[in-house]
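There are 2 protein chains.
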Amino acid sequence: MTGKASKSAHIAGTRKPAEPQVSITSKFWGRYRSMTVNNALPYQWRALNDEVPVDVPDGTAWGENGSQFSHSMRNLRIAAGREPGSFSGQPFQDTDVSKWLEAASYALGFAGENPDINIDELEQQVNEVVDLFADAQDKDGYIDTKFEIDLPADQRFRGLRWSHELYTMGHLIEAAVANWESTGSTKALNVARRAASCIDQHFGDGEGKVHGPDGHPEIELALARLYKATGERRWLDLAAWFIRVRGMDPEFFDEQDHAGGPQFYKDLHMPLSYFIMQKPVLDLDKAEGHAVRLLYMATAIAEVGQLLDDARMLAAAERLWTNIVRHRMYVTGNVGSCQIGESFSYDDDLPNDLGYGETCASVAMLFFGKALMETHPTGAVADVMELELFNGMLAGIQLDGTRYFYVNPLEADPAASNGNPTKAHVLTRRAGWFDCACCPANIVRLIASLDRYLYTVKGNTIYAHQYIANKTDFGNGLVIEQSQPGEGYPWSGDIEFQISNPEGLQRSLAVRIPAWSAKWTLDIDGRRTYVQPRDGFIAIDVSKPETHIKLVLDMSVRCLRASLNVKADAGKLAVARGPIVYCMEEVDNPHDLWTYSMPVNAQVSEHYDAKLLDGVEVLKFGGVRDVQENTGLYIAVDKPVERRAAELTMIPYYAWCNRTEGQMQVWVRETVR
Amino acid sequence: MTGKASKSAHIAGTRKPAEPQVSITSKFWGRYRSMTVNNALPYQWRALNDEVPVDVPDGTAWGENGSQFSHSMRNLRIAAGREPGSFSGQPFQDTDVSKWLEAASYALGFAGENPDINIDELEQQVNEVVDLFADAQDKDGYIDTKFEIDLPADQRFRGLRWSHELYTMGHLIEAAVANWESTGSTKALNVARRAASCIDQHFGDGEGKVHGPDGHPEIELALARLYKATGERRWLDLAAWFIRVRGMDPEFFDEQDHAGGPQFYKDLHMPLSYFIMQKPVLDLDKAEGHAVRLLYMATAIAEVGQLLDDARMLAAAERLWTNIVRHRMYVTGNVGSCQIGESFSYDDDLPNDLGYGETCASVAMLFFGKALMETHPTGAVADVMELELFNGMLAGIQLDGTRYFYVNPLEADPAASNGNPTKAHVLTRRAGWFDCACCPANIVRLIASLDRYLYTVKGNTIYAHQYIANKTDFGNGLVIEQSQPGEGYPWSGDIEFQISNPEGLQRSLAVRIPAWSAKWTLDIDGRRTYVQPRDGFIAIDVSKPETHIKLVLDMSVRCLRASLNVKADAGKLAVARGPIVYCMEEVDNPHDLWTYSMPVNAQVSEHYDAKLLDGVEVLKFGGVRDVQENTGLYIAVDKPVERRAAELTMIPYYAWCNRTEGQMQVWVRETVR
């Protein structure tokens, strides 16, 4: 059992206040947290160690001898000189291990939250991975097993369009910081510092240096994180350099190719916008290109912008966020509406049956939102983070933690996925693994670090973003406990805060009033309080030794309509309740889902079913279903379509595809009576 | 001016009655016919001769020096030894010239229809092309300029997956037959017979012969046609062999590859079903794979089945047709709903915004329907042929004949085509040419041979399939004149037949009652006649010297609803009037088209606008338009969507995209009041 290291113990200088010590007590998220440690991380460990022939959706064979194994741990052992063999997998295969290490390190830190959580083996595995990375690292700090095993040293950093070297090292840096923060051990952190130092030596404006970035952003946010952990300014400067150089030289990748650098994925001809290289990245005003690349970049821009107080960076981050949430985000929070290039497409283009909505992109929206909150906490950003947490991101993982979606559609049909290749990317079963296995560990590292997404402290104000029950020590005796009676959030909107502040520190607690909660009541120490939120928060003075706050949010079922600019949702409604977006599944609704419709003011019955899908609130609507004699493909009609009363059953979107495979849809046609 | 050759003058034996001599007098089609000769064929001639830098939609550069020229005539001149140079273009580039030759040959035959038609230059160009083909042909009969120019002779017929050699020779055979039929010259026909003989020598079950077919069906229907023209049985037997061998050996293409045959399009990995090679073709019961390949094959199966009276073939053709028209055809007649592989997808999968609906596939549906009619004339088949003629096929050509659609969507939006790569195949402007330029000449050869689609003679019954005004000489004095007073069909449903039969031949004229015409009146020699159609036709005795028939079809505007199995059309209506399917265009409707809806019994006003789009009936409906304050991407609502009265203007689908570029949609949301 590993205790938490003091996060204020910076290696060089102390620049920020102590992090709050958060323990998550939420019933809903507590289940996900223990599932992550007890099921997901062990399953992924076996996958990374080739102990399960991982179940790849399209049957793609990769790895040595065409097997369907990850090979990522083996690559590390080979690079570390522990066994012979050759590299196998994607050039960035190491990141599957790094993200696992990051998630596992978080888990070591929060294991005390729940007696169900078992980390006996995990700790040993974490140490094994750290040792492997340390041994695999070259003496100059370089670490990327693809290059170390397969390519001569003079090829390093010379094929950055697809090499993913900095992406790979960035994930290792993130993992190392997490490992140090959780365990207090500096072994991994020193690997990260040597890797960052190697990058610093090779990249920059000077003579003989590489003057452009990696095709996949990641190093920028990793370096910002390394700076925040260590206080070493050079990592922040290097992160800022990578941001400022991006898109300055549109020829950069071509020049590397012409200079004889290594070329991967030669058959993939992606436009510069895919790499977020089409123009100086700080001039972007639309979210374009590969969604995860854009969002990792935007996260770094927001973080570095905040750390440097750089107005241009902060404005760029704000523009991108605004464009996404106003024009390029599904109602579930998923982003990236185009499969080709896993990319954003154009404003208000949100096809439900074709969308990509990569799980990693929703995870990245949480990174991005968290970074924006550090500069300027607003309820609008926290609302989107909540949307991702409970919907867009969460749909990416099976309830038991062992199967994953890469793509998150808002409308699915096994017949379409099997029968029309344009929709083949839309799986209707979560998969055990992927040949590009970025998503499984990404969602797990987010859940394992969820405690970091609950609060932002600005001056004397503590912003409580999320209604995820927790007990948090802010130091100097200040403890905030958020509790949720009964089944708790997201099923109930009753939230209580007990603030203990024995030293009487001057503090405000800003509680979020979600935009979706049209009504709410707020009682402070038993007295009903009427105040309008500012920027989505109500700030409450908590300077006295004890304060009790009771907030009741409006959990009425809501019908949502999309902007009329969204063609895909014309004439349709979506349903939400609290933070949860709902969907229909074939298993609950016996006819083709597109034959159902409902009025905006449909009769609704709701009940919490503790046995269904690990406990969900089920909604049933009084709607209708089109009926028509099957007399041909097209028939002339002179009467309105015949409709029969029908019950529409809906479950939370995040929980879909945990029962029988079948049709699913979020948007339902609106019946206008 | 070239007179028509007697089509009964078979080279070897006379097996069938004289073809009717049809002159099309339809105002609607007369315009298309003269436009074809005066505009389309000259434009295409210039394109084939590299005299216009053809305007390729995606800017693909091909041809010598990366130019955007067809090079197809140059390839022929090079192969004919008339000039030096190397081959350029697709392996099947010759077929662009063959199809042009076929169309131009038809035009020589029908030039007398209309004094506007000018064939002075055309005749000379036709002769030039025939001479070139004759000179380009190898002494053993082989002719395919790609192979003759680029590859050693021992590579011939050894890479049939993609070589298109038999496809290429098949189109030449079709052109040659058409040329002989129109001009009476046997020069081209003899080239065709030598080519067919070369194929006959190389293919078959015997030792040393190639035992499989070309990856792209075409030779089968070409050989059947050569047989019908010449009466030479070997071509029919060879066509039947190609049909029977197809799909018998799923390894055939792989074996050719392993044996060192030439390989084209190596990066394209298409399943066997794309080539209609997944199983014995006569066992198919669903239309799968590349739509044009499937339909050329199905046409040959129907034709050869009829010629051989082969029950298995006829049943296979019938199954495929039935599957298409019941489950895989858009309301406009377009087929092939998937861009990937230009293919059929699965039953009832008919996405309006993603569909492919290749112009060539609609042309091929006409070939297939015509072949089925030869065995068993039914109104249902002729109805689909009419649907293709006036809608699915006709949308493929600009009104002036010089720009073409390859893909025919039922919903288009320039923003989507430009902004979402999944929809990049959906052009919102017809293009001047294509790197794979199959469609322009295909639609032109169909229009130029339209006279062949009007009648089927079975025994003593003459089936009049189409309401396209014409005057036709059936020999022995029997002349049928179909006239359409006023603006004529398809705008008016008044049709008259005057039958002159001075010799009193025992004949019936079977007139089609379209399934879309719920009511009709039929007057024979001025007397109202009540009789139910059988198989979609009413047979009228026309044995007396003169018979006058007046048929009035129901041209009421109809609303159509799709089968509830069609997800894409759920809650939507399409509009048709007579044979014409309608659409909305942005130029006529100022708001985003998806915001409009209409009830099934909407008030409609109709007027014929002679100045608009070369004369169309315009429909205006009293419908509604959704309105909503633009307060965000998703808003909570508790009232039905607000709707304002709005006029929906519709024009014929075939005429879309002849004005300003903009949105288009066929299916409109149904408002249920």
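Chains as they are written, first to last, in our numbering: chain A, 20 to 692; chain B, 20 to 692. Backbone N, C-alpha and C fix where the C-beta goes; we use that ideal spot for every residue, glycine too. No experiment lies behind these values; they were computed from the predicted model shown.
Listed by chain order, chain A residues near residue i by CB distance under 8 Å
i      : result
B:E689 : P659, V660
B:D554 : Ordered by position in chain A, no residue passes the 8 Å Cβ test against B:D554, which lies about 16 Å from the chain.
Residue from the options whose Cα sits closest to the Cα of residue i
i      : options                        : result
B:R180 : B:Q647, B:D276, B:A306         : B:D276
B:P281 : B:P39, B:N489, B:D169, B:E506  : B:D169
B:D173 : B:A214, B:H183, B:L127, B:A278 : B:A278
B:P110 : B:V463, B:E121, B:Q63, B:R175  : B:R175
B:L191 : B:S204, B:V210, B:R177, B:S182 : B:V210
B:D268 : B:M296, B:Y246, B:H288, B:A248 : B:M296
A:A537 : A:A595, A:V476, A:P428, A:Q485 : A:A595
Contact under 8 Å by Cβ, residue i with residue j
i      : j      : result
A:N495 : A:E522 : yes
B:A383 : B:L326 : no
A:M188 : A:A214 : yes
A:P564 : A:N620 : no
B:S201 : B:S124 : yes
B:V41  : B:A130 : no
A:L255 : A:V323 : yes
Within chain A, partners of residue i - CB distance below 7 Å
i      : result
B:T351 : What B:T351 touches in chain A: nothing, since even the nearest Cβ is about 10 Å away.
B:C602 : Here the premise fails: no neighbours, minimum Cβ distance about 15 Å.
B:Y365 : A434, G438, N439
B:L373 : T441
Strand pairing of residue i, partner residues [DSSP]
i      : result
A:S616 : A:V643, A:R688
B:E661 : B:V646
B:D542 : B:R547, B:K569
B:I654 : A:R580
B:S107 : None; B:S107 has no bridge partner.
A:I416 : A:Y423
Amino acids of chain B, ordered along the chain, whose beta-carbon sits closer than 9 Å to that of residue i
i      : result
A:S582 : Q647, N649, T650, G651, L652, Y653, I654
A:N58  : None at all; the shortest Cβ gap to chain B is about 33 Å.
Any chain A beta carbon closer than 8 Å to residue i
i      : result
B:P299 : no
B:A80  : Any answer about B:A80 is weak, because its pLDDT of 42 lies below 50 and its placement is not dependable; what the coordinates show is given next. Answer no: the Cβ-Cβ gap between B:A80 and chain A never drops below 8 Å.
B:Y672 : no
B:H346 : yes
B:L579 : yes
B:E83  : Only weak support exists for where B:E83 lies, its pLDDT of 37 falling under 50; the value from the coordinates is given anyway. Cβ-Cβ to chain A under 8 Å: no for B:E83.
B:K538 : no
Neighbour flag for residue i against chain B, beta carbons, 8 Å
i      : result
A:A434 : yes
A:W535 : yes
A:S86  : Reliability of the predicted coordinates at A:S86 is poor, the pLDDT of 44 falling under 50, and the value obtained from them is presented with this limitation in mind. By this cut-off, A:S86 is not an interface position.
A:G590 : yes
A:Q358 : yes
A:L313 : no
A:K206 : no
A:H611 : According to the sequence provided, residue 611 of chain A is Asp. The question's His does not apply to it. Chain B, which has a Cβ nearer than 8 Å to the Cβ of A:D611, makes this yes.
A:K586 : yes
Contacts that residue i makes with chain B (C-beta to C-beta distance below 8 Å)
i      : result
A:M683 : Under the 8 Å cutoff, chain B gives no residues; its nearest Cβ is about 13 Å from A:M683.
A:D368 : A434, A435, G438, N439
A:D273 : Simply none; closest approach about 18 Å.
Neighbouring residues, chain A, relative to residue i (Cβ below 9 Å)
i      : result
B:K285 : Neighbours of B:K285 on chain A: none; closest Cβ ~11 Å, over 9 Å.
Closer than 7 Å: residue i CB and nearest the ligand PLP heavy atom
i      : result
B:V685 : Looking for the ligand PLP in the displayed structure turns up nothing, as the structure carries no ligands at all.
> Going along the segment 613 to 642 of chain B in order, which residues come within less than 8 Å of chain C, judged by CB to CB distance?
Replying inline: Note that chain C does not occur in the displayed structure, where the protein chains are A and B.
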